[in-house]
Amino acid sequence: MQHVPTLLTLQVHDKSQPCNKHFQQNCEGNARLQNGSFLIAGVPAGGYRVEPKTLPVGLSEARAVKGKVVLTCESIGSGVALCLYDPDSQVGGLAHVLLDKPSGQVDPGTESRYAATVVEKLLADMENLGAQREKVTANIVGGAEVHTQDPDLFMGSRVLQTMRDSLKQADIPLLTDTSGGHLTRSVWLHPEHGRIELRTFVDHGVLDWEVAA
Amino acid sequence: MNLQISQCLTLEQLIENTPDLPTLPVAVMAVVHETDSPEGSAQSVARYLQQDPALAARILRLSNSAYYSFSRQITEIPEAVVVLGMRVVRNLALIAGSYPWMVRELKGYELGPKELWSHSIAVATGSQTVARRARMNEAEAFSAGLFHNIGKVAMSIWLEKKVDALMDASEPSRSFDDIERELLGHDHAAVGAFLAESWNLPKTLVRPIRFHHNPEEAEDKLTDCVHVADYLAMSAGYNRGWDGLRYKVDPGAFLRLGLDKSDLGSLMEEFLQSAETRGKSLEEKLAA
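Chains as they are written, first to last, in the numbering used here: chain A, 1 to 213; chain B, 1001 to 1288.
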């Protein structure tokens, strides 16, 4: 499916205000800020298309880039997309993981498969491109679940929790956490603008890093 | 398709009035029956396939995909049947015969071209992975997984006409098959099973199609296999449509297969590796 996102302005939804039906239906596709409010898509300004140089990041992959390149993870289910960004160097990193930790030892070269090891791997890749670790902040997207009451089958929650723990351990601030629900998501990271685009089948939102920070 | 879309549409009416219904080549159906029969032989399987040269050519291309990694090229159908085995060749015939409609865009489910195909191959590969762990027939599990969602090909056009109602009913906490039943009176599992029966596919393949979202009703390990594989594939993001991950998973399926749920990580790891390799190597050969 070809995605042609439209540039949308941002609104911050005040959680004290009642949601209308449309918003309730769609809010799980939007970024949930740490204070409990949502960043939601507003009126399309129109005309914007993703730059031609878009690099896909597949499952169990991690990629760092600088400047005018867009990174994208399409089809995030229970997996988690980790978006890291250093605004000073305009270096961004994106990883898509579905496994929390390895069952045994981590084989060299497989660090990007696991939430427990991907943060350090992506940070190292970003530092190679000039990012400064202390300037890097994070947003995470994904962790949806198939309908179940059985905690053993909560695959998304497990990956999310391990990812949050790994970020904490690496001392990387987590700005937004757009996670849970039952919808497949896609994400585009624009390091040049410090922007994330999020899409579910019902919804499309844009998150600016400085707004989230 | 002048019929009024309503819940009263029977399965027969729904199928009869669906334009451009998927079909399977006669040779593929013959091979399915031959491999399902105790009297089936490698010679007769090869003979049926050779009656459809276009299909035979596609099967030979698939036989030489990187996934099977034989040191030498397979150039004849009888050789493919001997080297790969009847069950594997049957799966290749099902893949080659269904690929033309499996890659269709299904607007009613918001699935782009090839998205049903990649989900189906992922579930087929996942069923094989699960079957290996449960010590079941892997090749049989593959074919059961491959066709589990064929009902979507017929349902899509009807759902497309109901898009407004679909939006209204689409609370993410509701299971999608429940919404299908509310809007059209049937879900894609029932429609798929009806279609498979109309093709005269064996019960071993029809049952997983009908019960893949309700495996507890099937009392069939093959259906449990497909159900668990579907869960793995949806979790891995292999379902990009409206429905996403909005289906129930039955923990009982794991128990019935003797799988340890606490070992889910390693099962998923094994699934991801094979799904990626298998999907790419088959796609290269089919798109060529």
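Note that CB positions come from ideal geometry on N, CA and C, so glycine has one too.
*Contact check, A1139/B vs R1087/B under 8 Å by CB: the rounded distance?*
Your numbering for residue 1139/B matches position 139 in the second sequence. Your numbering for residue 1087/B matches position 87 in the second sequence. Contact holds; Cβ gap of about 4 Å.
*Within the 9 Å Cβ cut-off, does I76/A reach chain B?*
Position 76 of the first sequence, counting from 1, holds the residue named residue 76/A. Cβ-Cβ to chain B under 9 Å: yes for I76/A.
_Within 8 Å, do at least three Cβ pairs link the stretch 1089 to 1105 of chain B to the stretch 1039 to 1051 of chain B?_
Between the stretch 1039 to 1051 of chain B and the stretch 1089 to 1105 of chain B, the count of Cβ pairs shorter than 8 Å is three or higher; the stretches touch.
*In three-state terms, what does DSSP make of W1242/B?*
Position 242 of the second sequence, counting from 1, holds the residue named residue 1242/B. If DSSP states are grouped into helix, strand and coil, W1242/B belongs with coil.
*Give a yes or no on whether 9 Å exceeds the smallest Cβ distance from R1240/B to chain A.*
Here residue 1240/B is taken as the residue at index 240 of the second sequence, counted from 1. Yes, because at least one Cβ of chain A sits closer than 9 Å to the Cβ of R1240/B.
*Roughly how many angstroms lie between the CA atoms of G1279/B and V1123/B, to the nearest whole one?*
The residue you call residue 1279/B lines up with position 279 of the second sequence. The residue you call residue 1123/B lines up with position 123 of the second sequence. Straight-line Cα distance between these residues: approximately 11 Å.
*Is the shortest distance between the beta-carbon of D165/A and the beta-carbons of chain B less than 9 Å?*
In the first sequence, residue 165/A corresponds to position 165, counting from 1. Judged by the 9 Å Cβ criterion, D165/A is not in contact with chain B.
*Can you give the beta carbon distance from G1244/B to H204/A, rounded, assuming they're within the 8 Å contact cut?*
In the second sequence, the residue the question calls residue 1244/B occupies position 244. In the first sequence, the residue the question calls residue 204/A occupies position 204. Rounded, the Cβ-Cβ distance is 15 Å, inconsistent with contact.
*Per-residue DSSP class, three states only, for H193/A*: Start at 1 with the first residue of the first sequence, and residue 193/A comes out as number 193. Correct three-state label for H193/A: coil.
_Sequence-distant residues of its chain with Cβ nearer than 7 Å to F1156/B (five each side left out)_ = If you number the second sequence from 1, residue 1156/B lands on position 156. In the sequence under discussion, the amino acid at residue 1156/B is Ser, which differs from the Phe named in the question. Within the same chain, and ignoring the five residues on either side of S1156/B in sequence, the residues whose Cβ sits closer than 7 Å to its Cβ are L1106, K1107, G1108, Y1109.
*When DSSP labels each residue in this structure, what does N128/A get in the three-state scheme?*
The count along the first sequence starts at 1 and reaches residue 128/A at position 128. Note: N128/A maps to helix in three-state DSSP.
*For S1141/B versus V1226/B, is the C-beta spacing smaller than 9 Å?*
Numbered from its first residue, the second sequence carries residue 1141/B at position 141. Numbered from its first residue, the second sequence carries residue 1226/B at position 226. Note on identity: in this sequence residue 1141/B is Ala, with Ser being the wrong assignment. Yes, the pair counts as a contact, with Cβ atoms nearer than the cut-off.
*Excluding the five sequence neighbours on either side, which residues of its own chain have a C-beta within less than 7 Å of the C-beta of R1132/B, listed in chain order?*
Taking the first residue of the second sequence as position 1, residue 1132/B is located at position 132. Only E1138 meet the Cβ criterion.
_beta strand (DSSP E) segments (min. 3 residues) lying fully within the stretch 136 to 179 of chain A_ = Fully enclosed beta strand (DSSP E) runs of 3 or longer: 137 to 142, 174 to 179.
*Identify each residue in the stretch 1218 to 1244 of chain B for which the Cβ-Cβ distance to at least one residue of chain A is less than 8 Å, and report them in chain order.*
Taking 8 Å as the Cβ-Cβ cut-off against chain A, the residues of the stretch 1218 to 1244 of chain B that qualify are Y1231, M1234, S1235, A1236, G1237, Y1238, N1239, R1240, G1241, W1242, G1244.
_By the three-class DSSP mapping on this structure, what secondary structure does P1100/B have?_
Start at 1 with the first residue of the second sequence, and residue 1100/B comes out as number 100. In the three-state DSSP reduction, P1100/B falls in the helix class (H, G or I).
_Neighbour-count burial assignment, D88/A, 16 or more Cβ in a 10 Å radius_ = By one-based count along the first sequence, residue 88/A stands at place 88. Within 10 angstroms of the beta-carbon of D88/A lie fewer than 16 other beta-carbons, which makes it exposed.
*How would you call N1200/B, buried or exposed, if buried means at least 16 neighbouring beta carbons within 10 angstroms?*
What you label residue 1200/B is simply residue 200 of the second sequence in a count that begins at 1. Exposed.
_Selection of the stretch 92 to 105 of chain A by Cβ proximity to chain B, strictly under 7 Å_ = Only L98, L99, D100, S103 from the stretch 92 to 105 of chain A bring a Cβ to less than 7 Å from some Cβ of chain B.
*Do you know whose CA, among K1152/B, R1256/B, S1143/B, V1081/B, lies nearest V1191/B's CA?*
Here residue 1191/B is taken as the residue at index 191 of the second sequence, counted from 1. Here the closest residue by C-alpha is K1152/B.
_For a quick check, are the C-beta atoms of V70/A and W209/A less than 9 Å apart?_
In the first sequence, residue 70/A corresponds to position 70, counting from 1. In the first sequence, residue 209/A corresponds to position 209, counting from 1. No, they are not a contact pair.
*Identify, in the order they occur along the chain, each residue of the same chain with its Cβ nearer than 7 Å to the Cβ of S1281/B, setting aside the five sequence neighbours on each side.*
If you number the second sequence from 1, residue 1281/B lands on position 281. If we look at S1281/B and ignore the five residues flanking it on each side, its Cβ neighbours are S1065, A1066, Y1067.
*Hey, is Y1247/B's beta-carbon within less than 9 Å of any beta-carbon in chain A?*
Counting from 1 along the second sequence, the entry for residue 1247/B is found at position 247. It does: the Cβ of Y1247/B has a partner Cβ on chain A nearer than 9 Å.
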